[in-house]
Structure formats: structure tokens, C-alpha cells
Amino acid sequence: MILINASSYVNAEFEAEIGRIPPCMLPIGNKKLLQLQVDVVRQQFPHEKILLSLPEAYTLTLNEKAVIKSLPIEVVTIAENLALAETILYVLNLAIDKSYQHIRIIQGDVFLPQLLDCSDCIGVSDKTRQYDWQQTKKVKESPTDWIGYFAFSSRLELIKALAISKKNFVRAIYLYQQTMPMKSVNIESYYDCSNFVHYIHARANMTTERAFNSLQIREGIVTKSSDDNNKIEAEIYWYTHIPAPLRRFTPQLIDYQQVDGQFSYSLEFLPLLPLNELYVHGLNTTEFWQHIFQLLKEFFSMANQSDVHRHIETGFAKSYAEDLYHKKTLKRLYAYADDADVDLNKPVIYDETMLGSTLEIAQDCIDKALALPNTVSVMHGDLCFSNIMYDMRGRRVKVFDPRGTDSNGNFSIFGNASYDLAKLTHSVIGMYDFIIAGRYEIIDSPSGSDIRFDIDKRLEQIQQEFFAGTWVNDMTTESIMPAVVLLFLSMLPLHADRPDRQRAMLLNAYRLYKMYVMEAVTCS
């Protein structure tokens, strides 16, 4: 049996950043830490029962319930203010079958890419881990080399040691060792998420090693390169040409260079979380998100007020909209249809409602998107949540990974403000980041297929706050929704390697069209 112990909450610093959650729910690489932990356990110990301890007062979100169900693991709730020794004793006595003798314990705030396959052992490291193992001031010893992994061969001896330890986990380990000798095994690779600084370092290292070969994070500097030189050049152009007042919304550009024909640039590494992970995995309050939306409105206002685009003709924004909303959408939609052998003229029924064909939906949204105000603005070009971070201490948002080109591929910082707003809205209302994180469900029935998201009351209130907002040039969220539908349609061929994701995005385009475009017209 393996216990992942997350029976307490993250500390106050974490809570301010991401809400009051157990540490196993922390986001890393658009997954929860718990998912990474269970993946490793399943690989090494596929037949072991996995138990997760959580605070008794913690209410799982719909999203978290879905994750736990998908793993699957068993949850046991623990009363608050119990010491670690009491928590484990409770689990061993009351929550598991008495036939389990071999017990492994993984702390909920640590990730080990490789687990020790030994009977009586303690995972240790020469890296100091700041964890209060004994949770009492009566014992002086503090084993700072323990990393949060323990294996025991005798459940009964462990119960005995915990029972007479006077609520002290360290003492319990020493008592257990008197009858069952334990060896300390050095673990070179592990990620400590017990405090915010260590967590940020863990994220940086895991991102570099697990996700993006084009990113290097070293000594407080992020260096980005790519096989697509034009993309990197365009991003450099954007960072070096945006007006000075907008630079407070971006990480500091340290350097850029070309070596052996390959471009790269370096930014300061910011110990911040991207908004997509806060949105999908966090429990931040509605007030927190209201503040985020206000900061983003300031970004839009600053980008629109800049004097540098006064020489740009108003026809530029109109042409930009025509290229992105009309030409690009149809080009990509036809490419998707050819590749997936889909009939774009086939009538679509979604949620028992006839929507018309996919092509008719696209054309209706194109017409409405082209009727939006044509506002020339400094444009980010990909202003979705995954490209925005929040600096809680500075109370600012930071945007990164800009497009840096116009609709014809020429280097430019300018574009149509409605496109940035559509990108932002496709994260908030469109639930794009939930799709990328796999947090959706497709319901198939004789009448058609629907896509569902785990939208609880808190998330619903956040979306209502965003939807009620008015943006640059008095554009409303409601008015931008046709453009959001087009974004999901135009993304379809970009995910040809993930048919499941393609299907989710297509169904989501239908959902958004029905809810916010078709029904909006009906109600007006």
C-alpha cells in the first residue's frame, strides 16, 4: 500500500498565490502534482493500492474529483490539526485493509521521478529540506536530509512505534528502527514543493527537462531558441520595438543574439505562475480574478493609447481582421476537413439544437467578427492565459511569447485589438486551457455529442465577472464571442496529432456558438 500524504494545506505564501489547496494539487506543467506522483507509482508498482490523505474540511472541486476518479485512487479525509504521526496512525488503523503489511509513504509536496524499491528505507538527500517532521518543539532533532519518502516492511511495528511516539513522527521512526533496521538511501533527483521558492525552482527544472527543448533556465535567466528562426526573430522584434510604457507588462529583455545562424534571446526568469495554471488548478477568489481582469484592461488601454501607431492607417486594422477572421479561418477549416475527411456542409446538431453546417457557423461568425471595431493597437498576438503571468508582489501582469508579425508575416508590433481580446476570452469563457489540460468530458448520445466542463460556482462567478466587462473602444465580451468561435475552428488543423483534442475543440466551437452567438441573437 502506498500513502500519498497531503492531509494539510499549503502555507500562507502559497495560499496568496494559488488559493488554499493541499500541496498535491499544486500545478506543474499544466498537471497537478498528484498526477505526476501517481504516474510514477503506477509505472513502478502497478499493482499497489494508492491512498491519498486530504484535509477533512477540504471540498474537492469538480475538476479535482474528475482527476482523482481518472487515476483512480482512494481518498481518506483527516481531521485538521493532527500531527503527521497521528495522521499516519489513523490511516493504518482505520482506513486500510489489515492485510497490507508493506507500507510506503510519499509526502504530498514532493515529486520523485524514481521511487526506491526497498523494504525498510528512508529517502535522503544532501539538499536540505525545510520540513517540520516532528511538528512539535519538544524534540530537538530535525532530520533535514529526509526528503519525504519512507518504506516499511511491517505495518504492525510501524503502528506500535507511532502509538508510543507521543505524536512525534521523528521519534516514531527511531522507535521503529529499534526492531526493524532502516537504511538511508540517497536520492539524487527529486523536487521539493514544500515552500514557494523550492516549488518555483522545481517547476523551472522540470519544465527544462520534461517539456521544452527550446528553453534553458539558468541563474535567473530564460533563454529561448527554436528551429523556427523567423518566430524567434519576430519575438525579438516585438520586445525591442514596443513603446516604453508597455515594457512594465513584460519580463526584462536581457540579450538577443545569432549564433551559427540560429537566433535566441534571453529574458529575466520570473518566479511567477502562468494564469492558465491558476485558472485550471488554483482556487483563487473571484476578487483575485477581478483584479487580474482590471490589470489586463490597463494593458489593452496602454497598447491602444500609444502614440507610436498614430501613423498606421485605419484600413490596416480592417485588413488585419479580414486576414485573420476570414481568410485564415476558411483556409485552416478546409485543411482540417481534407485531412480528417469531414463534410463541412453537413448539418450540425448540438445539445438537441440545429446549428446549421460547420461552414455556415463559420461564415456567420466571420460576418459578425468583421463588424467589430477596427482598432489599431500594439498587439501581443497570442494573449491567452498560458502567455500571461501574475506578479502578486508587484501587483502586475507580465505577458510573454508575443507573435511579432502582422497578418502577412512581416515583423510588426501592430494589429487589431479585437484579436487580442478574442484570445483572452478563449481562455476565460472558451475554456481553452481546460481542453489542453484534458479537463473536459464528451457525452455521446443518439442525438449527437456534447462537451462538458467542470464549472463550479466559483468558476461560474469568475466567468460572469469577465463577461460583464467592457474593453477597449467599448468592445464587450459578448460582441467578441463570434471571433472566439473562429479561433477554435482555426486551431483544428494545428492539433492533427491529437484527434481527441481536435474533437473537443470542434464541439467547443459548437457549444460557444450556441450559447453566446446563436442564443444571443435570439434573446436580443
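Sequential numbering of the sequence shown, starting at 4, is according to my numbering.
Where is the CB? At the ideal position from N, CA and C, for every residue including glycine.
May I ask you to verify whether the stretch 330-337 touches the stretch 419-434, counting CB pairs closer than 8 Å and requiring at least 3? no
Expected contact under 8 Å - CB spacing of Ile445 and Ser452 to nearest Å: 6 Å
From which residue to which residue does the alpha helix (DSSP H) around Leu39 run? Leu36 to Gln47
Does the beta-carbon of Gln3 have 16 or more other beta-carbons within 10 angstroms, so that it is buried, or is it exposed? Only positions 4 to 527 of the chain appear in this structure, which leaves residue 3 out of reach.
Quick check on this structure: which residue in Ser322, Met392 and Arg206 has the alpha carbon closest to the alpha carbon of Ile220? Arg206
Expected contact under 8 Å - CB spacing of Ser360 and Leu373 to nearest Å: So it is not a contact: roughly 20 Å between Cβ atoms.
Please state if the CB of Glu468 and the CB of Thr289 are separated by a distance shorter than 8 Å. yes
Measure how close the beta-carbons of Ser128 and Asn189 come, nearest whole angstrom, since I'm counting them as under 8 Å. 6 Å
CB-CB under 7 Å to Lys141, same chain, minus the five flanking residues each way: which ones, in chain order? Because the pLDDT of Lys141 is 42, which lies under 50, any placement of that residue in the model is unreliable, and the question is left without a value.
Label Val381 either buried or exposed according to how many other C-beta atoms from any shown protein chain fall within 10 Å of its C-beta, with 16 as the threshold for buried. buried
Count Cβ pairs between the stretch 412-426 and the stretch 254-270 that sit closer than 8 Å; are there 3 or more? no
Minimum length 4: unbroken alpha helix (DSSP H) runs contained in the stretch 344-412: 361-373
Buried versus exposed call for Asp112 [16 or more other C-beta atoms within 10 Å across all chains shown]: buried
Going along the chain, which residues of its own chain have a beta-carbon closer than 8 Å to the beta-carbon of Asp394, five neighbours each way excluded? Leu273, Leu275, Val400 and Lys401
Cys196 - partner residues in DSSP beta bridges: DSSP, once it has assigned bridges, lists no residue as partnering Cys196.
Distance, Cα to Cα, His204 vs Tyr193? 11 Å
For the stretch 50-82, list the alpha helix (DSSP H) runs that are entirely contained and at least 4 residues long, ordered along the chain. 65-73
Using a threshold of 8 Å, state whether the C-beta atoms of Tyr323 and Asn419 are closer than that. yes
Going by the CB atoms, is the gap between Thr428 and Ile483 shorter than 8 Å? yes
Distance cutoff 8 Å, beta carbons only. Does Lys321 sit that close to anything in chain C? Looking at the structure shown, chain C is missing, and only one protein chain is on hand.
Between which two residues does the alpha helix (DSSP H) containing Phe153 stretch? No alpha helix (DSSP H) contains Phe153, which is instead part of the beta strand (DSSP E) from Trp149 to Phe155.
Use the C-beta contact count for Glu16: other C-beta atoms within 10 angstroms, 16 or more gives buried, fewer gives exposed. exposed
Which same chain residues, not among the five before or five after Phe153, have their C-beta less than 6 Å away from its C-beta? Ile108 and Ile125
DSSP state of Asp453, grouped into three classes? strand
Straight-line CA distance for Asp231 to Met209? 23 Å
The alpha helix (DSSP H) spanning Asn232 covers which residue range? Asn232 to His244
Report, in whole angstroms, the separation of the C-beta atoms of Pro254 and Phe403, which I expect to be a contact under 8 Å. 6 Å
For the alpha helix (DSSP H) containing Leu490, list its first residue and its last residue. Thr480 to Ser493
Looking at Ser56 and Val79, is the spacing between their C-beta atoms short of 8 Å? yes
So, with DSSP's three-state summary, where would you put Arg107? strand
Go through its chain and collect everything with a Cβ distance to Ala471's Cβ below 8 Å, but skip five positions before and after it. Thr480
Run through the stretch 244-325 for me and flag every whole beta strand (DSSP E) of 3 or more residues, listed as ranges in chain order. 256-262 and 265-271
Would you mind working out which of Leu286, His244 and Asp263 sits nearest Leu256, comparing C-alpha positions? His244
Indicate the three-state DSSP secondary structure (helix, strand or coil) for Arg23 in the structure shown. coil
Given a cut-off of 8 Å, decide if Ala175 and Leu159 are closer than it, judged by their beta-carbon atoms. no
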